[in-house]
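I have placed the structure first, in the form of structure tokens, so that the comments after it can refer back to it.
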Amino acid sequence: MDEFMLTAIFLGTLFFLLGSGIWIGLALLGVAFVGMELFTSRPVGDAMFTTIWSASSSWSLTALPLFIWMGEILFRTRLSEDMFRGLAPWMAPLPGRLLHTNVVGCTIFAAVSGSSAATLTTVGKMSIPELKKRGYPEFMIFGTLVGSSTLGLMIPPSLTLIVYGVTINESISKLFMAGVLPGLVLASLFMAYIAGWSFLRRHEVPTAEPKMTMLQRLYNSRFLIPVILLIALVIGTIYTGIATATESAAFGVIGALVLAATQGSLTKEALKESLLGATRTSCMIALILAGAAFLALAMGFTGLPSTVAEYIAGLQLSPLTLIFALMCFYIIIGMFLDGISSVVLTMAVVEPMVRQAGIDLLWFGIFIVVVVEMAQITPPIGFNLFVMQGMTKKPIGYIAKTAFPMFLLMVLMVGILVLFPELATFLPENMRQTPG
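This note's numbering puts the last residue of the sequence shown at 962; the count rises by one with no breaks.
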């Protein structure tokens, strides 16, 4: 059977199962089951159970539910309110004024969450009413918030980077460090967009906040101390080599529990809800990973990934052309799948191509995160768009329009990564290795 027919069978089965409305993880298992039955003589049940166990028992995967639980705990604290009170005095003098609290707030929360949806919800529930009350235009409030919340996918701890690292068997700690500088650069681009808007649309910028002395600003900054300590605990232990990513996740959970307890928000009900929320999200991602691992095995038996990789290698595309083609590819599939599903579904085919082209896999992980971030804010299945719609009750088309400038900045970020790959590779190459 030729490769075209194999591809048609796989894609046809996949789209049929996804269109039927069943869970993505089960759809991937179904496609793999059909592939194994049609193209191999190996017992399908034995192969499926062995593969699912191997995919689910990875030690690196332990960090995933821990970081998710940490985000769920923090979501139920006064973290967003404290961040706004601590950041506002420092952001007010900047061009664009308090809109910068959206970007900086999302950057800070991303460093203790790992989820763009949690970042958007936590920062948005405080900043939207506060910025509206002060007269900032909705278009800028929504756009900067939806775009900046995607930083939760890049700045460590990032759930997408954990999934990518497990899928290609790469160091999670190194991937986390690779995301720090690009994440800060992307946040700077978002802030530059706000500053540019303030110069071009001066009439839309609200009146300045009452001036505060340096002593007053420093006094208000006390609200930022808990979250800064938590960031230092999570990222600092990884960078200095004191802990692995999984161990730092455990430190993060303890820190989040302490923070919630000191704020008085660690009630029995809140703890129960955080555990249930973390369990639901972790199980969903684990099922997707198991399905993708079984699908990768089935495709490996057919020889489809290697055939596709050889075909693309035969085209003799330059690494730059390949990166551009993959960016377009991920933007398109990201319109229909969430980020984690996009990564695990395509790695079996994409990884051999990337290795063949000699592209650094750490760098490629950051590239993947940037294009997956784009998918979070592109219709029709842009997850962050739906979260924002649920918070504001605005039409999805309007929210997508507000996020479009942020999408263009992410495209620019891909160009910056291509021109300056050291942004992603410098910290991993210079970090201390964790013993053992």
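Ideal placement from N, C-alpha and C gives every residue a C-beta, glycine not left out.
Among the options, nearest to residue i - alpha-carbon criterion
i, options, result
"GLY571", "SER583, GLY556, TRP585, PRO708", "GLY556"
"ALA874", "LYS927, ILE925, GLY817, LEU813", "GLY817"
"SER884", "GLU563, LEU848, PHE541, ASN956", "Note that residue 884 is Gly in the sequence shown here, rather than Ser. For the residues GLU563, LEU848, PHE541, ASN956, the minimum Cα distance to GLY884 belongs to LEU848."
"LEU801", "ALA782, MET617, MET717, GLN789", "ALA782"
"LEU841", "GLN882, GLY705, ALA721, LEU756", "GLN882"
"VAL731", "LEU792, VAL672, LEU552, LEU657", "LEU657"
"THR633", "VAL753, ARG623, ILE866, GLY661", "VAL753"
"PRO931", "MET917, ALA718, LEU756", "ALA718"
"MET596", "LEU938, THR577, ILE780, PRO619", "ILE780"
"GLY650", "ILE681, LEU605, ALA804", "LEU605"
"SER653", "ALA787, PHE946, PHE890, GLY612", "GLY612"
"PHE855", "LEU815, ALA812, PHE893", "PHE893"
"PHE850", "ILE698, VAL880, VAL706", "VAL880"
"ALA643", "ARG623, GLY622, PRO655, SER674", "SER674"
"ARG660", "ALA734, ASN746, ARG728", "ALA734"
"THR566", "PHE541, GLN789, LYS798, GLY826", "GLY826"
"GLN789", "GLU607, SER582, GLU563, PRO591", "GLU607"
Collapsed DSSP secondary structure at residue i in the structure displayed
i, result
"MET861", "coil"
"LYS919", "coil"
"THR951", "helix"
"GLN902", "helix"
"SER583", "coil"
"PHE946", "coil"
"TYR765", "helix"
"TYR690", "helix"
"ILE885", "coil"
"SER642", "helix"
"GLY661", "coil"
"VAL876", "helix"
"LEU620", "coil"
"GLY556", "helix"
Residue i classed as buried or exposed, judged by whether at least 16 other C-beta atoms fall within 10 angstroms
i, result
"SER684", "buried"
"SER868", "buried"
"GLY709", "buried"
"GLY547", "exposed"
"TRP579", "exposed"
"ILE858", "exposed"
"ARG602", "buried"
"GLN742", "exposed"
"VAL560", "buried"
"GLY622", "buried"
"TYR745", "exposed"
"ALA787", "exposed"
"ALA704", "buried"
Contact with chain C by residue i, beta-carbon distance below 7 Å
i, result
"ALA734", "This model lacks chain C altogether; it includes just one protein chain."
Expected contact under 8 Å - CB spacing of residue i and residue j to nearest Å
i, j, result
"MET853", "PRO905", "Contact doesn't hold; Cβ gap of about 18 Å is too wide."
"LEU624", "ALA614", "6 Å"
"VAL672", "ASN910", "5 Å"
"SER699", "ILE764", "5 Å"
"VAL711", "LEU949", "6 Å"
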